[in-house]
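Q: This structure is in structure tokens; I'll ask about it shortly.
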Amino acid sequence: MLTAASAITGLIVPTGMAFAQAAPAASPPAQAGNAGHYRFRVGDISATVLSDGLIGGPPRVYASDAPEAELQEVLRHAFLSTDRLTLNLNTLLIETNGRRILLEAGAGQTMGPQGGRIFQNLAAIGLRPEDIDVVIVSHTHPDHVGNLRTADGAKAFPRATIFAPRADWDFFVRNDPDLSYMPVPVDFRRNFAAAIKRSVEPVTNGIELYEAGAEIVPGLTTLPAFGHTPGMANFLVHSGNDQLLLTADLAYHPIVNVDRPWLPGPDRDKDTALASRRRIFDMAAADRLLVLGFHYPFPGLGRMLRTDAGYAWVPVNWQF
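Numbering (my numbering), first residue to last: 104 to 423.
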């Protein structure tokens, strides 16, 4: 999340994070590469992970309390860069009861040039933005709302009803948020806030605000996951005996926030966020839930294993 956000193109801040122009919804040029969509089922519900691309930033941002030497060793041991932690943007499309529902809008290019790929991945499965009926965001940070606006300021999903948490809307959109808790320079915070407001401008009229705990559509329940932001929700998709838990930004990368208990720097209320993380991870482990991590390595699916030290992330086997 804290990786780039602004209407200022190409500015590099001391943390090594690049600000990018806020919220264009146009896809980057198509490139040869691997698939950015992954299909599976949750009972009778068809589900597809749609990648919006990548963001990233200094590992310290995502593991704020990690001892530096240990953090560096953990990253090296996992064959990850010690200078930049790459994060995925895993949105989820569910198709149920004749409706197409997108969970998280993705970043667009509000947080760097490698985002904004959701539209070409929609096209790859034969869909257009006009085919989306509902978009539900877990919270209103730019990497979750950036694709709501096209480059020319229109609604990117023109037919969709947009749902956002009321507490986040009040904090980030209706007011000038105090982002002093973010471990980034002042200019970054200012542009981060501006990117949120700019991204949601086209959907302000007609926005549907929800309280975490509500079942927004049949088969989709929202769960309170406060702390990262005032109103962040997690999503539980359920059909028959099958369930899928979407954990939003409870954790950024399993290496530093699941396998290790380090605290994400962008959490506004770290104590509340930690309590939410433990409660929901405990539930996921106890119930052996299939989990989708928004920022985890694509396609972001796996399970939480309870260990003596806390938790371990176990990726699922790829389904062909």
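C-beta atoms are modelled at their ideal positions from N, C-alpha and C, and glycine is treated no differently.
Do L206 and T189 have their C-beta atoms closer together than 9 Å?
A: Not closer than 9 Å, so no.
Q: Could you work out which residue in N420, I197 and V164 is closest to P286 when comparing CA atoms only?
A: Closest option to P286, Cα to Cα, is V164.
Q: Pair every Cβ in the segment 327–337 with every Cβ in the segment 366–385, then say whether three or more of these pairs are closer than 8 Å.
A: Yes: the two stretches touch, three or more of their Cβ pairs being nearer than 8 Å.
Q: Taking the beta carbon of A387 as the centre, do at least 16 other beta carbons fall within 10 Å, making it buried, or is it exposed?
A: Buried, because 16 or more other Cβ atoms sit within 10 Å of the Cβ of A387.
Q: Nearest by alpha-carbon distance to R382: which of R371, P369 and N337 is it?
A: Minimum Cα distance to R382 is reached at N337.
Q: Could you say if the segment 206–223 and the segment 249–257 meet the contact criterion of at least three C-beta pairs nearer than 8 Å?
A: With a cut-off of 8 Å, the segment 249–257 and the segment 206–223 count as touching, because enough Cβ pairs lie within range.
Q: Only counting the same chain, and skipping five residues up and downstream in sequence, which positions put a Cβ closer than 6 Å to that of P280?
A: Closer than 6 Å at Cβ, skipping near neighbours: F274 and A296.
Q: Whole angstroms are fine: how far does the CA of S241 sit from the CA of A259?
A: Cα-Cα distance, rounded: 18 Å.
Q: Determine, using beta carbons only, whether P162 and V359 come nearer to each other than 9 Å.
A: Yes, the pair counts as a contact, with Cβ atoms nearer than the cut-off.
Q: Consult DSSP for M386 and reduce its assignment to one of helix, strand or coil.
A: In the structure shown, M386 sits in a helix (DSSP, three-state: H, G or I).
Q: Could you check the C-alpha separation between P226 and L392 for me, to the nearest Å?
A: In the sequence as presented, Pro is not what sits at residue 226; that position holds Ala. Approximately 30 Å, taken between the alpha carbons.
Q: Hey, quick one: how far does the alpha helix (DSSP H) through L183 stretch, first residue to last?
A: That residue, L183, is in no alpha helix (DSSP H); it is neither H nor E in DSSP.
Q: Alpha carbon to alpha carbon, how far is I403 from P357?
A: The question names Ile, yet the displayed sequence has Gly at residue 403. Taking the straight line joining both Cα atoms gives about 10 Å.
Q: Three-state secondary structure (DSSP) at R262?
A: Three-state DSSP puts R262 in coil, outside helix and strand.
Q: To the nearest angstrom, how far is the alpha carbon of A126 from that of A298?
A: Any reading at A126 is ruled out, since the residue's pLDDT is 42, under 50, leaving its predicted position unreliable.
Q: Rounded to whole angstroms, what is the Cα-Cα separation between V306 and I265?
A: Distance between the alpha carbons of V306 and I265 is about 7 Å.
Q: Can you give me the C-alpha to C-alpha distance between N344 and F423, rounded to a whole angstrom?
A: So the two alpha carbons sit approximately 22 Å from each other.
Q: Which of the three DSSP states, helix, strand or coil, is assigned to T324?
A: Correct three-state label for T324: strand.
Q: Pull up the distance between the alpha-carbon of V417 and that of V361, whole angstroms please.
A: V417 and V361: Cα-Cα distance of roughly 10 Å.
Q: When DSSP labels each residue in this structure, what does I158 get in the three-state scheme?
A: Correct three-state label for I158: strand.
Q: Mind checking which residues open and close the alpha helix (DSSP H) that includes P357?
A: Element bounds for P357: P357 to N360.
Q: Contact check, N224 vs P400 under 8 Å by CB: the rounded distance?
A: At roughly 16 Å, the Cβ-Cβ gap does not stay under 8 Å, so N224 and P400 are not in contact.
Q: Per DSSP, N420 forms a beta bridge with which residues?
A: DSSP output for N420 lists no bridge partner at all.
Q: In the DSSP assignment, the alpha helix (DSSP H) including R247 goes from what residue to what residue?
A: First, the amino acid is wrong: residue 247 is His here, not Arg. Unbroken alpha helix (DSSP H) run through H247: P245 to V248.
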